[in-house]
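A.B. asks:
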């Protein structure tokens with residue numbers, strides 16, 4: 363079983379890297395893009411013997427305690443079989 367974890371800055375947190383990417387995209391002629399925010403993506407391989415509920419619980423804990431800074435970042439976990 364695999365967990366996909368998406369970590370993004372909270373909407374209220376400034377994103378200078380996203381702004382720099384947005385500027386580059388505009389210079390390439392993509393004027394219709396109004397904003398870009400950057401984030402992180404993780405794939406976590408979990409033991410196939412775990413139930414889906416236990417695998418999700420483990421992935422959520424890893425995301426909360428290790429992968430994301432809860433003060434400035436949000437996270438989303440998706441489970442894939």
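Numbering (this note's numbering), first residue to last: 363 to 443. Every residue, glycine too, gets a C-beta built ideally from N, C-alpha and C. Note that this is a predicted model, so its numbers are computed, not measured.
1. Based on DSSP bridge pairs, tell me the residues matched to residue 406.
2. Assuming residue 387 is part of the alpha helix (DSSP H), what are its boundary residues?
3. Using three-state DSSP, classify residue 426 as helix, strand or coil.
4. What does residue 401 pair with, by DSSP beta-bridge criteria?
5. On the DSSP bridge assignment, give the partners of residue 414 in chain order.
C.D. replies: Put simply:
1. Within the chain shown, residue 406 is the residue found at index 44, counting from 1. Residue 406 is bridged to 365.
2. Working through the chain shown from its first residue, we reach residue 387 at position 25. According to the DSSP assignment, residue 387 belongs to the alpha helix (DSSP H) that extends over 378-389.
3. By one-based count along the chain shown, residue 426 stands at place 64. The three-state reading of DSSP puts residue 426 in helix, counting H, G and I together.
4. By one-based count along the chain shown, residue 401 stands at place 39. Paired residues: 370.
5. Taking the chain shown and counting its residues from 1, the one referred to as residue 414 is at position 52. Residue 414 is not bridged to any residue.
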